[in-house]
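A.B. asks: Sending over a structure as structure tokens; questions will come in a sec.
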Amino acid sequence: MTEQTPVNETTAVKATPTLPDAQTVTEIEHYTDRLFRFRCTRPASLRFRSGEFVMIGLMGDPHPETGKQKPLLRAYSIASPSWDEELEFYSIKVQDGPLTSKLQHIQPGDKIILRPKPVGTLVHDALLPGKRIWFFATGTGFAPFASLLREPQTYEDYDEVIITHTCREVGELTYGRDLIESLKHDELLNEVIGEGFWKKIKYYPTTTREESPKMGRITDLMKSGEAFKDLDVEPLNPESDRAMICGNLAFNLELKEMFEEYGLEEGANSKPAHYVVEKAFLD
Ligand SMILES: Cc1cc2nc3c(=O)[nH]c(=O)nc-3n(C[C@H](O)[C@H](O)[C@H](O)COP(=O)(O)OP(=O)(O)OC[C@H]3O[C@@H](n4cnc5c(N)ncnc54)[C@H](O)[C@@H]3O)c2cc1C
Ligand SMILES: NC(=O)c1ccc[n+]([C@@H]2O[C@H](COP(=O)([O-])OP(=O)(O)OC[C@H]3O[C@@H](n4cnc5c(N)ncnc54)[C@H](OP(=O)(O)O)[C@@H]3O)[C@@H](O)[C@H]2O)c1
Numbered sequence: 037m038t039e040q041t042p043v044n045e046t047t048a049v050k051a052t053p054t055l056p057d058a059q060t061v062t063e064i065e066h067y068t069d070r071l072f073r074f075r076c077t078r079p080a081s082l083r084f085r086s087g088e089f090v091m092i093g094l095m096g097d098p099h100p101e102t103g104k105q106k107p108l109l110r111a112y113s114i115a116s117p118s119w120d121e122e123l124e125f126y127s128i129k130v131q132d133g134p135l136t137s138k139l140q141h142i143q144p145g146d147k148i149i150l151r152p153k154p155v156g157t158l159v160h161d162a163l164l165p166g167k168r169i170w171f172f173a174t175g176t177g178f179a180p181f182a183s184l185l186r187e188p189q190t191y192e193d194y195d196e197v198i199i200t201h202t203c204r205e206v207g208e209l210t211y212g213r214d215l216i217e218s219l220k221h222d223e224l225l226n227e228v229i230g231e232g233f234w235k236k237i238k239y240y241p242t243t244t245r246e247e248s249p250k251m252g253r254i255t256d257l258m259k260s261g262e263a264f265k266d267l268d269v270e271p272l273n274p275e276s277d278r279a280m281i282c283g284n285l286a287f288n289l290e291l292k293e294m295f296e297e298y299g300l301e302e303g304a305n306s307k308p309a310h311y312v313v314e315k316a317f318l319d
């Protein structure tokens, strides 16, 4: 693993380009005034499991007195799968956010800092074998599932893959919708996993604050039974169903409570079980 160069007064101003942990931005796509994705180079030494997250960031502003710059790092799910030669990230833009107020302006060729220490609970290893896997996301919580939906093991391990994504507005669904659509035409994945592998996916997007074909929080739609009826599946049960959750804290807690009622147990890398949870952001 590479270590970051300590920043002292003499190296401060030119720190970002010379950092051993610097990676180059290769592609950017903006979706809304709050969401974008970008791709960057991948360090040759970086090995990760699809679904894990890393710390990424930029150099902070120089200290007004000393001129020193410190790395400004935040946790980010890797949205690309483990086999991809580049890395992809799906990001929020918080207008007064220390990192994303700057990160939203990156351009191809710019450097970002990436600490090559992947971690996380949203990995296949943390689940017992099952028939059907559910991915539950709100907002940017879709990111780890963008990785897992492109991971061959997802389709080797399960007969059915259900992805639910709840957002406030329709435009916030675009990244996920485009990605799922692209799987149909992905020659490499269709060859490696098997022609038509994407037919195992059931995609269930919902919005809460803008009109769309399916309105409502996924939690409410499950409680009323509407989601199961729409998807033509039985409610989750510990024999056949496995799940991964990535959303805001309230969403995660609400689903956890529902899962315990279904009889599902929370798993971890060290003790695989029926479902795993990760926060999409801290609050
Ligand atoms: C395990 C983990 C994985 C994460 N993965 C991602 C990811 O893949 N993509 C991503 O955009 N963010 C992700 N985050 C959030 C990320 O770490 C930062 O919080 C985010 O980039 C904003 O940074 P900031 O410095 O601009 O603002 P911060 O000071 O970090 O956040 C300011 C406020 O903005 C809101 N906020 C922060 N992040 C989000 C978000 N993602 N969606 C909605 N509101 C948010 C919260 O209210 C927060 O208090 C992840 C967080 C954790 C803990
Ligand atoms: N998205 C925006 O347009 C917007 C704009 C400005 C500021 N912000 C701020 O940014 C932060 C994050 O906003 P966000 O929209 O990205 O994420 P969010 O608030 O986590 O909402 C994402 C989606 O999750 C749903 N949700 C929230 N709690 C849930 C629960 N317990 N169970 C099921 N679904 C649940 C929301 O539905 P509900 O709509 O019913 O809550 C929404 O559809 C917030 O602090 C917000 O104030 C957001």
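Here the sequence shown is numbered in the numbering used here, starting from 37 and rising by one per residue. All C-beta atoms in this analysis are idealised placements derived from N, C-alpha and C, irrespective of residue type, glycine included.
Where does LEU158 fall in DSSP's three states?
C.D. replies: If DSSP states are grouped into helix, strand and coil, LEU158 belongs with coil.
A.B. asks: For ARG151, which option in LYS138, LYS259, ARG110 and GLU247 has the closest C-alpha, if you only look at C-alpha atoms?
C.D. replies: Checking every option, the nearest Cα to that of ARG151 belongs to ARG110.
A.B. asks: Would you tell me roughly how many angstroms separate the C-alpha atoms of ALA51 and THR62, rounded to the nearest one?
C.D. replies: With a pLDDT of 42 at ALA51, under the threshold of 50, the modelled position of that residue is not reliable, and the figure given next carries that caveat. Each residue's alpha carbon lies about 20 Å from the other.
A.B. asks: Assess contact between the stretch 161-171 and the stretch 271-287, defined as three or more Cβ pairs (one per stretch) separated by less than 8 Å. Is contact present?
C.D. replies: yes
A.B. asks: Could you tell me whether any non-hydrogen atom of ligand 1 is closer than 8 Å to the CB of GLU325?
C.D. replies: The chain is shown from 37 up to 319; residue 325 falls before or after that span and cannot be answered.
A.B. asks: Would you mind working out which of PRO271, SER248, MET251 and LEU267 sits nearest LYS259, comparing C-alpha positions?
C.D. replies: PRO271
A.B. asks: Is LEU289 helix, strand or coil when you go by DSSP?
C.D. replies: helix
A.B. asks: How about THR174 and PHE287: do their beta carbons lie closer than 9 Å?
C.D. replies: yes
A.B. asks: So for ALA80, helix, strand or coil by DSSP?
C.D. replies: ALA80: coil per DSSP, three-state reduction.
A.B. asks: Quick check on the DSSP output: what are the complete beta strand (DSSP E) runs of length 3 or more inside the stretch 236-304, in order along the chain?
C.D. replies: 237-243 and 277-283
A.B. asks: Roughly how many whole angstroms lie between the Cα atoms of LEU289 and LEU225?
C.D. replies: 34 Å
A.B. asks: Looking at the structure shown, is SER127 part of a helix, part of a strand, or coil, going by DSSP?
C.D. replies: strand
A.B. asks: Hey, out of GLY252, GLY232, TYR239 and THR202, whose CA is closest to CYS282's CA?
C.D. replies: THR202
A.B. asks: DSSP three-state label for LYS315, please.
C.D. replies: strand
A.B. asks: Three-state secondary structure (DSSP) at SER113?
C.D. replies: strand
A.B. asks: Hey, out of ILE199, ILE254, GLY230 and MET95, whose CA is closest to SER137's CA?
C.D. replies: MET95
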